[in-house]
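Colleague: Here the protein sequences come in this chain order: D and F. As numbered in the working numbering, residues 117 to 512 make up the first sequence, in order. As numbered in the working numbering, residues 117 to 512 make up the second sequence, in order. From the three backbone atoms N, C-alpha and C, an ideal C-beta is built for every residue, glycine too.
There are 2 protein chains.
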Amino acid sequence: MTIASRMAAAMQSSSWIRRMFEEGAELKARLGADRVYDFTLGNPDLEPPAAVKEALLAAVQDDRTGLHGYMPNAGLPATRQAVAAHLSQVHGLSFSPDDIIMTCGAAGALNVILKAILDPWDEVIVLAPFFPEYLFYVENHGGVVRVVETDRDFVPVVSRIEEAINDHTRAVIINSPNNPTGQVYGADLLHSLGGMLAVQSRRYGRPIYLINDEPYRRLVYDQVEVPSVFQAYADAVVATSFSKDLSIPGERLGYLAVNPQAQGRQELIAAMILANRILGYVNAPALMQRALVNLLGTSVDIAPYVRRRELFCRILAESGYQFVTPKGAFYLFPKAPLDDDVAFVQALKEENILAVPGRGFGRPGYFRLAFCVPENTIVAAAPGFARVRQRLAPGT
Amino acid sequence: MTIASRMAAAMQSSSWIRRMFEEGAELKARLGADRVYDFTLGNPDLEPPAAVKEALLAAVQDDRTGLHGYMPNAGLPATRQAVAAHLSQVHGLSFSPDDIIMTCGAAGALNVILKAILDPWDEVIVLAPFFPEYLFYVENHGGVVRVVETDRDFVPVVSRIEEAINDHTRAVIINSPNNPTGQVYGADLLHSLGGMLAVQSRRYGRPIYLINDEPYRRLVYDQVEVPSVFQAYADAVVATSFSKDLSIPGERLGYLAVNPQAQGRQELIAAMILANRILGYVNAPALMQRALVNLLGTSVDIAPYVRRRELFCRILAESGYQFVTPKGAFYLFPKAPLDDDVAFVQALKEENILAVPGRGFGRPGYFRLAFCVPENTIVAAAPGFARVRQRLAPGT
């Protein structure tokens, strides 16, 4: 074999989504893309706000020297200052630029955080259903994932997390607003989780970090609030990106922020800055960092997501699907009418509907639908959803 | 301790360059930056060619939809097509877009390559003196570095490399044109190295990859040619960036290319694409990728580097320093007039000259000077170089 055996294993385990993608591509090639209803991809389809183009034009036209050069590995001071001011407002805490590291998206941020804190065999708790990339990110740095199930509404259960902690536990990754479930964790839950982690950190003599991956923070519905993880726990770190806020996932711009109250904050930040360098990111792209300084108050208009969510929920409910109405993000995670979610997703495919089986997210028996697609795609898929439901679970 | 113990060790071992940087910053703060002659940083100081700005403006003003969105993890098809056409011309081989993965700079490319091929305890041969980041990149993915010394002119010795190979060896990293020495490896040497690696690969039953990190390919002097590593060996991979060609190191754009003749090419490329994704790069920045399509024939005018190299070589020679005249890149790696390179660099600092000790690159007794600085900085430092040489090794 030419490649590493663990990469061969990773390619095998990542094959669900790839297989769905390949089968979908084959279907589209056969029927035409407009006759296939593809709900598999969490790829924001809205265009960036006009301000993004303006900010990029200004950044490109800036004639000062050295603007495309190397910079501190943590990022441009002016950009980190702008992010710190923004975070201070959002979280009601005083952030300084030194609490911020600009990264290549949230994926880059999570890898930097994990690289800084994990020695081989250290454990990270991940809550199912989960964004499957977390498993890779932890394994990249020699860590071991411990999966803890959320409840039937996809809400974390603090006592279950507590039971999973031992002296190898270095972090808990949460993701609120959540992919794939759309769940948003409330302030009480976060405080309860933070309180438990504070006790366990003292017990084991070093901090257990609470990492919130929160790229969907601004993408919430029905006036739901996303509480601050920093308010709930001192040893909290946030990873996020502008992929959804500004609809620029291809530009790879994100950041990580460390609670100004975290233990050993300076050492932690220094390790993360070194991790950003030695993992080969070196720094987040310079031009996007400069554009960002003027974009922190900007966000895509989420009205299309609001309409699609209502529409999709109505269509699924009318056909008898059971699901938790998403409070945020752009996913639905309904219960499959069959125990076998893979067989169910195959049945959907016969109606030219593409979805991802729940087992890809660590919860078999469910399926994920991404609603970053035009409303007419959702409408056109409605009869297919109804027929499959009727055929597989008639009268229930 | 809040951070991983191996990161604490990495912070310790990376402290040479940091310490130089901090001492330099302190000196500059005290004396004024214009009175300190800083030759420590390999940061291209030329501005990007005008075509870069034009290409970026066109890319920002392009009004098609989805241009800032997710893309295949390997990069934009049009960009990979342009790189493949460029490489076909340079190497006299037929590259297809499938042989190319766009990356976050050469640092990203190297991490992606190593992630794809290394299992824990696999070995990678690195030639001293070396770019010190290689040690981190190999360790990131659980690999073990085996250092092999080059000869006194910094030329690799094939028999020494052969002796270091065992059944754990997965790759040899070379860097031609070289940082820190300026050496460029000739075609005969590469063919001899390739021939030996082909024999050893057959012996151990799997390919030992030859990885050339070649971001300085276009930065060569006296009509030196940089021979193709692909012509010399089938299982060759190139990692490179546009940081030096276009003077855009902050923008993090590079690529890796696999020899179209490599064994198990498809599997290798597939593993690298997955590595690009799961290491959190996801894809190289979209906007720069689009701009690049029109920039592959473009390069900074290297005339300033040519003049600085001549000037610096003359000044050092006149003061009696021994060095190998660099054939490429923008570094000099002279012998220190003291065995103790750290003490020598401290002596230079007393003349307000900042350099990096050779032991930072795995070869004590030497020191590195980066000449990506204005000519007048080199001229102004000349008396200091002469005085230190005279004081430490009078009459030799």
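Assuming D/Ala502 and D/His184 make a contact with CB atoms under 8 Å, what is their CB distance in whole Å?
Modeller: The residue given as residue 502 of chain D occupies position 386 in the first sequence. The residue given as residue 184 of chain D occupies position 68 in the first sequence. Between D/His184 and D/Ala502 the Cβ distance is about 54 Å, and since that is not below 8 Å, they are no contact.
Colleague: Any beta carbon from chain D within less than 9 Å of F/Pro490's own beta carbon?
Modeller: Taking the first residue of the second sequence as position 1, residue 490 of chain F is located at position 374. No, its Cβ sits nowhere closer than 9 Å to a Cβ of chain D.
Colleague: At 3 residues or longer, what runs of the beta strand (DSSP E) sit wholly inside the stretch 421-501 of chain F?
Modeller: 483-486
Colleague: First and last residue of the beta strand (DSSP E) that includes F/Ile217?
Modeller: Reading the second sequence from its first residue, position 101 is the one you call residue 217 of chain F. Taken as a continuous stretch (DSSP letters only), the beta strand (DSSP E) holding F/Ile217 covers Ile216 to Thr219.
Colleague: Between D/Arg322 and chain F, is the shortest Cβ-Cβ distance under 9 Å, so that the two count as touching?
Modeller: Counting from 1 along the first sequence, the entry for residue 322 of chain D is found at position 206. Yes, D/Arg322 counts as interfacial toward chain F.
Colleague: Provide the residue(s) that pair with D/Gly370 in DSSP beta bridges, ordered along the chain.
Modeller: In the first sequence, counting from the first residue as 1, residue 370 of chain D sits at position 254. The partner list for D/Gly370 (beta bridge, DSSP) reads D/Thr219 and D/Ser357.
Colleague: If we ignore side chains and look at the alpha-carbon of each, how far apart do F/Glu330 and F/Thr441 end up?
Modeller: Position 214 of the second sequence, counted from the start, is the residue given in the question as residue 330 of chain F. Position 325 of the second sequence, counted from the start, is the residue given in the question as residue 441 of chain F. So the alpha carbons of these two residues sit roughly 19 Å apart.
Colleague: Helix, strand or coil for D/Ala201, going by three-state DSSP, please let me know.
Modeller: Taking the first sequence and counting its residues from 1, one reaches residue 201 of chain D at position 85. Three-state DSSP puts D/Ala201 in a helix.
Colleague: Should the stretch 383-390 of chain F be regarded as contacting the stretch 344-352 of chain D, the criterion being three or more beta carbon pairs within less than 8 Å?
Modeller: no
Colleague: Can you confirm whether F/Gly366, when its beta carbon is compared against all beta carbons of chain D, has any partner nearer than 9 Å?
Modeller: As a first step, residue 366 of chain F is located in the second sequence; it is residue number 250 there, counting from the start. Put simply, the CB of F/Gly366 is near chain D, with a gap under 9 Å to one of its CB atoms.
Colleague: Thinking just about the alpha-carbon of each residue, which of F/Lys360, F/Gln377 and F/Ile327 is nearest to the one in F/Gly444?
Modeller: Within the second sequence, residue 444 of chain F is the residue found at index 328, counting from 1. Checking every option, the nearest Cα to that of F/Gly444 belongs to F/Lys360.
Colleague: So that I know if they touch, is there some Cβ in chain D lying closer than 9 Å to that of F/Tyr253?
Modeller: Numbered from 1 along the second sequence, position 137 holds the residue referred to as residue 253 of chain F. F/Tyr253 counts as touching chain D.
Colleague: Out of F/Phe155, F/Thr219, F/Asp283 and F/Leu243, which one is the CA nearest neighbour of F/Tyr397?
Modeller: As a working note, residue 397 of chain F is residue 281 in the second sequence. That would be F/Thr219, whose Cα lies nearest to the Cα of F/Tyr397.
Colleague: Just reading off the beta strand (DSSP E) that D/Ala287 is part of, what are its end residues?
Modeller: Translated into positions along the first sequence, residue 287 of chain D becomes position 171. In the DSSP annotation of this structure, the continuous segment of the beta strand (DSSP E) that includes D/Ala287 starts and ends at Thr285 to Ile290.
Colleague: Since D/Ile233 meets chain F, which of its residues come closer than 9 Å, beta carbon to beta carbon?
Modeller: The residue given as residue 233 of chain D occupies position 117 in the first sequence. Under the 9 Å cutoff, chain F gives Thr118, Ile119, Ala120 and Met123.
Colleague: Consult DSSP for D/Glu341 and reduce its assignment to one of helix, strand or coil.
Modeller: If you number the first sequence from 1, residue 341 of chain D lands on position 225. Here D/Glu341 sits in coil by DSSP.
Colleague: Comparing C-alpha positions only, which one of F/Ile431, F/Gln438, F/Gln316 and F/Glu426 sits nearest to F/Phe446?
Modeller: Residue mapping note: residue 446 of chain F aligns to position 330 of the second sequence, counting from 1. Among F/Ile431, F/Gln438, F/Gln316 and F/Glu426, the Cα nearest to that of F/Phe446 is on F/Glu426.
Colleague: Given F/Ser204, which residues of its chain have a CB within under 6 Å of its CB, disregarding the five upstream and five downstream residues?
Modeller: If you number the second sequence from 1, residue 204 of chain F lands on position 88. Ser210 and Phe211, listed in sequence order.
Colleague: So what's F/Ile389 in DSSP terms, helix, strand or just coil?
Modeller: Along the second sequence, one-based indexing puts residue 389 of chain F at 273. In this structure, DSSP gives F/Ile389 a helical state, which the three-state scheme calls helix.
Colleague: Considering only residues of the same chain and omitting the five flanking positions on each side of F/Gly60, which have a CB-CB separation below 6 Å?
Modeller: In the structure displayed, chain F extends from 117 to 512; residue 60 of chain F sits before or after that span and is not available.
Colleague: Grouping DSSP H, G and I as helix and E and B as strand, with all else coil, what is F/Val273?
Modeller: Reading the second sequence from its first residue, position 157 is the one you call residue 273 of chain F. Coil.
Colleague: Using a Cβ cut-off of 9 Å (strictly closer), state whether D/Leu362 contacts chain F.
Modeller: Against the first sequence, residue 362 of chain D aligns to sequence position 246. With 9 Å as the cut-off, D/Leu362 counts as an interface residue toward chain F.
Colleague: Nearest to F/Met404 by CA position, among F/Val176, F/Pro293, F/Glu163 and F/Gln299, is which residue?
Modeller: Within the second sequence, the letter at position 288 stands for residue 404 of chain F. Answer by Cα proximity: F/Val176.
Colleague: Helix or strand or just coil, what does DSSP make of F/Asn256?
Modeller: Sequence index remark: in the second sequence, residue 256 of chain F carries index 140 (1-based). Three-state DSSP puts F/Asn256 in a helix.
Colleague: Output yes if chain D places a C-beta closer than 9 Å to the C-beta of F/Asp329; else output no.
Modeller: Walking along the second sequence from the start, residue 329 of chain F turns up at place 213. No - not a single Cβ of chain D is within 9 Å of the one on F/Asp329.
Colleague: What span of residues does the alpha helix (DSSP H) with F/Ala171 cover, start to end?
Modeller: Within the second sequence, numbered from 1, the residue matching residue 171 of chain F stands at position 55. Element bounds for F/Ala171: Ala166 to Gln177.
Colleague: When you compare each of F/Val472, F/Pro193, F/Asn291 and F/Cys488 to F/Pro450 by their alpha carbons, which one comes out closest?
Modeller: Translated into positions along the second sequence, residue 450 of chain F becomes position 334. Closest option to F/Pro450, Cα to Cα, is F/Val472.
Colleague: Quick check: the Cα distance between D/Leu325 and D/Gly474, rounded to an integer number of angstroms?
Modeller: By 1-based counting over the first sequence, the position of residue 325 of chain D is 209. By 1-based counting over the first sequence, the position of residue 474 of chain D is 358. Reading off the sequence shown, one finds Tyr at residue 325 of chain D, where the question assumed Leu. Whole-angstrom Cα-Cα distance: 27 Å.
Colleague: Could you name the residues that DSSP lists as bridge partners for D/Arg262?
Modeller: As a first step, residue 262 of chain D must be located in the first sequence, where it is residue number 146. In the DSSP output, where bridge partners are listed per residue, D/Arg262 has D/Ile241.
Colleague: What are the residues in the stretch 389-404 of chain F lying within 9 Å of chain D by C-beta distance?
Modeller: Leu390, Ala391, Arg393, Ile394, Leu395, Gly396, Tyr397, Val398, Asn399, Ala400, Pro401, Ala402, Leu403 and Met404
Colleague: For F/His284, which residues of its own chain have a beta-carbon under 7 Å away from its beta-carbon, when the five flanking residues on both sides are left out?
Modeller: For the purposes of this step, residue 284 of chain F is identified with residue 168 of the second sequence, where counting begins at 1. Same-chain partners within the cutoff: Trp237, Asp238 and Glu239.
Colleague: If you follow the beta strand (DSSP E) that D/Tyr325 is in, where does it begin and where does it stop?
Modeller: Residue mapping note: residue 325 of chain D aligns to position 209 of the first sequence, counting from 1. It spans Tyr325 to Asp329 - the beta strand (DSSP E) in which D/Tyr325 sits, taken as one unbroken run.
Colleague: Using a C-beta cutoff of 9 Å, does F/Ser210 count as contacting chain D?
Modeller: By 1-based counting over the second sequence, the position of residue 210 of chain F is 94. No Cβ of chain D is located within less than 9 Å of the beta carbon of F/Ser210.
Colleague: Give the range of the alpha helix (DSSP H) segment to which D/Asp304 is assigned.
Modeller: To locate residue 304 of chain D, count along the first sequence from 1; it is residue 188. Its alpha helix (DSSP H) spans residues Ala303 to Tyr320.
Colleague: Contact criterion: CB-CB distance below 9 Å. Does F/Tyr186 meet it with respect to chain D?
Modeller: For this step, residue 186 of chain F is matched to residue 70 along the second sequence. At least one chain D Cβ lies under 9 Å of F/Tyr186.
Colleague: Give me the Cα-Cα distance between D/Asp304 and F/Arg135, rounded to the nearest whole angstrom.
Modeller: In the first sequence, residue 304 of chain D corresponds to position 188, counting from 1. In the second sequence, residue 135 of chain F corresponds to position 19, counting from 1. Take the alpha-carbon of D/Asp304 and the one of F/Arg135: they are about 46 Å apart.
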